[in-house]
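Protein chains in written order, with full-length UniProt numbering: chain W, 1 to 365; chain A, 1 to 365; chain U, 1 to 365; chain B, 1 to 365.
4 protein chains.
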Amino acid sequence: MNLNVIMTKSFDETDALRSMPVMNIAVAILGATGYTGAELIRLIESHPHFEVKHLAAHSQAGKLAGDVLPGCAGKVAAMRLATADDALPENVELVFTALPHGAAATSVFAALEAGKKVVDLSADFRHKSHDIYQAAYGASHPHPELFEEAVYGLTEFARADVAKARLIANPGCYPTSTLLPLVPLLNAELIDTSTIIVDSKSGTSGAGRSAKTDLLYCEINESVKAYGLPRHRHAWEMEEWALGFGHQSITVRFVPHILPMNRGMLTTLHLNGASTHSWHEILTDQFADEPFVKVLPEGRLPSTAGISGSNRCDIGVAALSDSEAVIVSCIDNLLKGAAGQALQNANLMFGFDETAGLATHALWP
Amino acid sequence: MNLNVIMTKSFDETDALRSMPVMNIAVAILGATGYTGAELIRLIESHPHFEVKHLAAHSQAGKLAGDVLPGCAGKVAAMRLATADDALPENVELVFTALPHGAAATSVFAALEAGKKVVDLSADFRHKSHDIYQAAYGASHPHPELFEEAVYGLTEFARADVAKARLIANPGCYPTSTLLPLVPLLNAELIDTSTIIVDSKSGTSGAGRSAKTDLLYCEINESVKAYGLPRHRHAWEMEEWALGFGHQSITVRFVPHILPMNRGMLTTLHLNGASTHSWHEILTDQFADEPFVKVLPEGRLPSTAGISGSNRCDIGVAALSDSEAVIVSCIDNLLKGAAGQALQNANLMFGFDETAGLATHALWP
Amino acid sequence: MNLNVIMTKSFDETDALRSMPVMNIAVAILGATGYTGAELIRLIESHPHFEVKHLAAHSQAGKLAGDVLPGCAGKVAAMRLATADDALPENVELVFTALPHGAAATSVFAALEAGKKVVDLSADFRHKSHDIYQAAYGASHPHPELFEEAVYGLTEFARADVAKARLIANPGCYPTSTLLPLVPLLNAELIDTSTIIVDSKSGTSGAGRSAKTDLLYCEINESVKAYGLPRHRHAWEMEEWALGFGHQSITVRFVPHILPMNRGMLTTLHLNGASTHSWHEILTDQFADEPFVKVLPEGRLPSTAGISGSNRCDIGVAALSDSEAVIVSCIDNLLKGAAGQALQNANLMFGFDETAGLATHALWP
Amino acid sequence: MNLNVIMTKSFDETDALRSMPVMNIAVAILGATGYTGAELIRLIESHPHFEVKHLAAHSQAGKLAGDVLPGCAGKVAAMRLATADDALPENVELVFTALPHGAAATSVFAALEAGKKVVDLSADFRHKSHDIYQAAYGASHPHPELFEEAVYGLTEFARADVAKARLIANPGCYPTSTLLPLVPLLNAELIDTSTIIVDSKSGTSGAGRSAKTDLLYCEINESVKAYGLPRHRHAWEMEEWALGFGHQSITVRFVPHILPMNRGMLTTLHLNGASTHSWHEILTDQFADEPFVKVLPEGRLPSTAGISGSNRCDIGVAALSDSEAVIVSCIDNLLKGAAGQALQNANLMFGFDETAGLATHALWP
């Protein structure tokens with residue numbers, strides 16, 4: 001049906017194509033009926049080399065995907081949902097787990113045992129220390145033995161490891177929007193690491209699809225609120241990978257807010273440091289060749305409308321003085337903040353072009 | 001950059017690919033900075049065989065596309081905007097005109113004279129009679145000599161003509177959502193043609209990107225209103241093509257409404273007729289093999305969330321009695337209602353797969 | 001605390017005041033924590049002669065009102081919620097029941113037995129026939145003996161009866177927006193009663209505050225859908241009171257839609273009849289002295305923004321031909337469609353000015 | 001018509017009433033057709049002692065108020081709009097100026113010359129130094145001689161001066177939401193004044209009603225962005241009145257954001273200091289008797305839904321450590337942030353109850 005592949009944009013690419021073996025990778029999605037699961041289905045279905053073969057969703061098991069996911073159409077809509085505990089089909093090579101933390105680890109373990117590669121979109125493998133996991137998530141972890149192997153997939157800083165990985169810990173949305181602009185400046189040793197204030201604003205899809213009163217349309221619409229104080233779980237994740245990629249120990253003061261919009265996340269970093277007037281250039285240089293990171297011209301600030309529906313992170317930098325700066329970054333929380341980055345990582349794991357199946361243009365408006 | 005084409009989904013498709021010539025069609029978009037123009041850019045940029053070569057936009061001429069369109073990235077963002085009067089590059093083979101009615105006709109004429117194919121998204125070539133054009137648009141038409149040649153591109157009913165066309169009159173959003181479910185029932189001679197009531201609800205992007213007070217965020221948000229009475233221009237278009245495709249003369253009573261959402265259009269048809277309990281099956285059969293029309297199971301009604309971001313039209317049918325029925329149809333007004341159907345037509349005009357570059361899954365939520 | 005009363009607008013009014021006895025009516029609200037209950041609290045708290053003395057809410061019983069209702073402040077916020085079954089305080093004279101149908105009837109009965117006056121915002125006393133109640137609500141009614149006494153409180157057409165009533169059946173939102181413009185034209189015998197099409201669009205607060213997946217923010221936002229086919233319960237109510245007030249037997253074809261906004265309801269009436277060009281004048285005359293009905297100038301159509309937060313119904317009339325017309329009416333579903341009309345009725349029941357405590361200006365934007 | 005005053009809540013109040021003279025204050029509103037002007041009309045129209053006598057609006061002069069303001073009804077809707085330059089009626093005693101800065105000063109001067117009292121909602125009289133005004137607004141001020149007399153009307157900290165004032169400089173929305181929680185802690189000398197980070201989120205009505213492309217519905221909806229960097233004008237105002245009321249010289253780092261909602265403003269203060277665990281109690285004590293400030297229980301954070309439509313400021317306090325805290329405050333930018341506080345001040349200026357005509361309960365949802 002999808003003949004996107006009949007012709008191509010240059011002779012070179014087509015020549016490459018003609019000499020390559022043809023293959024499709026069968027994919028399973030566990031937790032298929034949440035908002036992230038729905039995005040994974042959409043992305044995989046229009047991907048040139050992956051194909052959805054198995055969908056699981058505990059509470060909706062037994063139903064057709066199309067009956068639970070209104071945006072779904074075609075072959076996938078007619079697939080029957082399994083439970084997350086059902087055995088994975090043998091021909092599945094890649095599993096995406098979009099399950100609650102805690103539950104994910106068990107499914108990840110089983111999938112690896114069955115010889116699959118896994119991209120885990122939960123928080124279960126984002127930490128290297130069991131103590132920190134417990135501090136952040138308030139529970140013991142069933143498979144800490146996998147911590148060492150898991151690769152934290154903030155793609156732009158972890159390509160080589162991602163390409164070789166069997167298990168990807170896909171980053172959280174808040175850490176992704178925070179770390180992308182922060183890491184290069186940490187590596188440049190220009191940030192005062194004692195006062196990093198992260199004020200984030202997220203669309204409501206980040207809160208998931210549970211039937212809770214405080215997520216009802218009329219409670220969210222025409223309103224904004226802060227939540228997660230005194231310390232949101234993602235603060236630990238930011239600090240761990242600021243050290244991991246930026247090689248500096250930092251303390252973040254992180255306040256997330258929920259906004260009346262479906263998607264989109266904007267993070268405002270209030271920073272102190274040195275040579276702030278050089279920061280725009282440092283970030284511009286760092287990301288010059290990145291397909292999914294766009295540093296705006298100096299003095300321009302991004303909006304989430306500019307990246308919604310794309311896998312991009314847009315970054316704006318404003319020096320307030322020599323020692324003070326504000327950085328604003330925007331991602332689509334369901335794409336670069338979840339399903340999009342998961343696919344970006346999966347592309348690398350299977351040797352495909354990193355951008356395959358991912359949009360750089362936003363769906364605007 | 002886009003290596004979507006390295007591998008493919010089946011041996012057959014790849015074999016076909018290997019034996020086909022490689023080509024890219026250069027495309028111009030006139031009226032590039034409106035909401036429809038922005039969608040055309042996004043779609044063309046991720047299309048396997050079309051490529052944006054020329055962008056024009058009168059009021060913004062001279063600026064970079066990326067400075068006017070926040071969702072834009074990459075090479076296209078760096079393109080400088082021409083005026084709609086500037087000569088088209090010679091290598092451009094296809095022109096999309098997303099201009100106001102009246103202005104479009106002049107650009108269409110010039111593009112055809114220069115040997116290009118044209119998909120016109122304005123209303124200028126949707127009518128076959130100058131009298132009706134004048135009645136609907138209140139102005140004389142500069143090029144009525146092109147009326148006969150123009151093909152009204154409601155793709156599902158006009159494929160053969162579209163494939164051979166030099167000039168496509170791309171249908172309006174309201175007529176598209178109305179005619180898709182109506183035409184098969186008209187052909188079945190089951191509708192009472194004297195009382196067809198069309199009550200449509202549209203997202204605000206359909207009203208365009210002009211700086212008008214009544215389109216400000218705070219005037220539209222948290223509100224709904226009817227407009228366009230006593231007779232909206234699209235009523236003539238519905239009637240003309242109900243006759244053209246459905247072979248029956250009808251009178252529509254059409255009331256459009258504007259809603260607080262960016263995209264999406266829902267049309268509620270209040271119908272009288274015969275054998276209404278057979279209508280669901282008639283529509284299901286008619287559209288069984290259509291990639292972009294989905295008739296929902298009997299008793300299920302569509303929402304615009306289910307099709308937003310896709311090129312689909314979803315249709316629900318409810319028989320109220322043997323002689324009364326309600327049909328609800330949903331499209332994304334910027335896609336199946338504008339840029340998506342335009343690309344669907346362009347695919348056919350150049351012999352590509354009709355679905356190339358078009359999404360069947362919605363961006364949900 | 002509220003000294004709104006120190007001075008007044010004219011000597012006459014003040015003179016009246018000086019000679020009148022001082023009294024405050026103690027009020028109970030059952031079902032206080034839904035959206036309608038919250039509005040009742042807000043209205044009563046700023047009312048000059050009513051005072052909230054008792055709040056009940058089954059699922060939240062035992063909590064403080066302010067912990068469940070974020071908009072609440074002051075004395076009321078500190079009130080502890082009783083259950084709907086708890087005995088009513090003796091000094092309470094007026095009870096508002098904002099409970100689900102079925103449950104409401106039992107509480108209404110108990111309140112009447114205890115000697116209170118009642119305004120019931122459920123559907124339990126809107127019908128005069130047990131058969132019709134059963135057809136519409138699919139259940140047997142526990143207290144049909146109260147049907148005859150109950151006064152259907154569409155205030156503008158029922159003032160005299162409301163003033164004497166012990167029990168008000170407060171009208172539904174859809175019937176209110178439909179009947180206000182329809183009744184005068186039915187009485188004028190100008191409407192073709194065989195084809196009355198009612199296409200309504202409602203804000204989401206009308207669906208209540210239950211924790212259901214399909215009412216989540218991300219499912220409603222940026223989407224519109226029809227529901228309630230083949231026959232919504234309010235169709236029976238419209239027909240019963242079109243006969244009751246308009247003295248004609250009609251059949252409505254009613255299709256409600258849910259919209260991405262908190263409040264507001266717009267009803268589009270597609271009508272056939274006679275002398276449609278006289279309809280605007282008939283409605284203008286009918287409502288000339290009504291404080292809460294505004295007929296817009298001919299050719300002007302209302303928006304819900306114009307009435308949101310007020311107790312008004314705005315009406316626009318467009319004659320399409322001598323025999324066809326479209327009428328559009330707008331109300332705030334929580335005010336004129338629920339709590340506002342309830343208070344308007346209560347004002348009459350206790351001999352207060354009908355407009356006391358009710359806004360005519362909308363909260364715009 | 002409005003008989004809100006016939007009875008009252010206690011004998012004492014009524015006794016007071018009976019012995020007081022009756023009067024209505026005639027009011028003019030200049031800049032009546034913006035969003036703030038519309039709110040002033042609504043508030044004045046339901047106020048017990050003020051009455052709208054004159055409306056002016058340059059660009060719409062000559063039209064009826066009801067034709068420009070959809071929420072308007074009744075007598076005011078039929079008033080014809082004057083220009084801001086037209087002479088004020090003699091009987092007008094109070095003028096609200098809701099004009100752009102610069103333009104406001106001229107109208108204020110004229111009104112004072114004509115013997116009226118003035119509440120100016122522009123920025124023109126919020127500063128005491130011409131240098132600071134020029135730094136913030138980039139223009140010379142036509143009437144700096146009025147700086148000394150003008151009273152900055154942050155009501156809770158300026159009651160005595162407001163009551164005696166002839167000219168009120170009504171505070172900006174961002175400073176109001178920032179200063180209310182900040183001033184008591186500055187006076188307690190518990191805040192590290194060198195790093196006060198103010199991250200504010202505002203509904204779009206704060207940007208006004210001009211027909212600008214970047215305020216169109218489709219550009220704002222489903223998006224969030226920061227703006228106003230490197231230094232927004234309100235930063236000067238915050239600093240000046242932190243010193244004025246809090247008696248400490250501070251530097252704020254202020255980043256405002258615009259959100260997809262009509263009204264509401266949430267300000268997140270990221271603070272360092274001493275004894276942060278005492279801050280909640282300090283603020284609770286400070287505002288215990290304030291009708292329009294509500295400090296939430298410790299650990300609870302406010303949402304703008306909780307205050308929308310009311311004149312309240314809700315405050316939440318979270319101590320992160322002994323020396324770090326986050327404070328979140330919410331106001332309705334059009335009420336406590338503009339028209340509501342203006343009326344609160346006007347009440348004091350004329351000796352009325354400060355709460356007259358102002359809501360403490362939010363319009364929720």
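Virtual Cβ for every residue (Gly too), placed ideally from N, Cα, C.
It should be emphasised that the depicted structure is a prediction, and the values quoted were computed from it without experimental measurement.
Neighbour-count burial assignment, residue i, 16 or more Cβ in a 10 Å radius
| i | result |
| --- | --- |
| residue 314 (chain W) | buried |
| residue 356 (chain A) | buried |
| residue 39 (chain W) | buried |
| residue 348 (chain B) | buried |
| residue 194 (chain U) | exposed |
| residue 53 (chain A) | buried |
| residue 90 (chain W) | exposed |
| residue 153 (chain U) | buried |
Paired residues, beta bridge with residue i - DSSP
| i | result |
| --- | --- |
| residue 116 (chain B) | Paired residue(s): none; residue 116 (chain B) is not in a bridge. |
| residue 336 (chain A) | In DSSP, residue 336 (chain A) forms no bridge with anything. |
| residue 51 (chain U) | U:26 |
| residue 273 (chain B) | B:191 |
| residue 173 (chain W) | Residue 173 (chain W) is not bridged to any residue. |
| residue 369 (chain B) | What is shown of chain B runs 1 to 365, which leaves residue 369 (chain B) out entirely. |
| residue 293 (chain B) | B:313 |
| residue 96 (chain A) | A:29 and A:119 |
| residue 330 (chain U) | U:266 and U:314 |
Cα-Cα separation between residue i and residue j, rounded to whole angstroms
| i | j | result |
| --- | --- | --- |
| residue 23 (chain B) | residue 165 (chain B) | 20 Å |
| residue 318 (chain W) | residue 219 (chain A) | 32 Å |
| residue 181 (chain A) | residue 97 (chain U) | 44 Å |
| residue 163 (chain W) | residue 292 (chain W) | 18 Å |
| residue 239 (chain A) | residue 92 (chain B) | 58 Å |
| residue 335 (chain U) | residue 210 (chain U) | 20 Å |
| residue 33 (chain W) | residue 243 (chain A) | 43 Å |
| residue 175 (chain W) | residue 237 (chain W) | 7 Å |
| residue 274 (chain B) | residue 248 (chain B) | 15 Å |
| residue 331 (chain U) | residue 365 (chain W) | 30 Å |
| residue 78 (chain B) | residue 346 (chain U) | 30 Å |
| residue 156 (chain U) | residue 186 (chain U) | 15 Å |
Cβ-Cβ separation, residue j to residue i (assumed contact under 8 Å), whole Å
| i | j | result |
| --- | --- | --- |
| residue 177 (chain U) | residue 257 (chain U) | Wrong, their Cβ atoms sit about 13 Å apart, outside the cutoff. |
| residue 169 (chain A) | residue 120 (chain A) | 6 Å |
| residue 198 (chain U) | residue 267 (chain U) | 6 Å |
Exercise. State whether the stretch 114-124 of chain U contacts the stretch 202-209 of chain U, with contact taken as three or more CB pairs (one from each stretch) at a distance under 8 Å.
Key: No contact exists between the stretch 114-124 of chain U and the stretch 202-209 of chain U.
Quiz item: Per the contact definition of three or more C-beta pairs closer than 8 Å, is the stretch 29-39 of chain W in contact with the stretch 324-344 of chain W?
Solution: Enough Cβ pairs lie closer than 8 Å, so yes.
Exercise. Report yes or no: do the stretch 291-311 of chain W and the stretch 212-228 of chain W share at least 3 C-beta pairs separated by less than 8 Å?
Key: Counting Cβ pairs under 8 Å, fewer than three are found: no touch.
Quiz item: So does the stretch 81-89 of chain W actually touch the stretch 56-64 of chain W, counting three or more Cβ pairs closer than 8 Å?
Solution: In this structure the stretch 81-89 of chain W lies against the stretch 56-64 of chain W, because at least three pairs of beta carbons, one per stretch, are closer than 8 Å.
Quiz item: Taking one C-beta from the stretch 321-328 of chain A and one from the stretch 140-151 of chain A each time, how about it: are there three or more such pairs within less than 8 Å?
Solution: Because the criterion of three Cβ pairs below 8 Å is not met, the stretch 321-328 of chain A and the stretch 140-151 of chain A do not touch.
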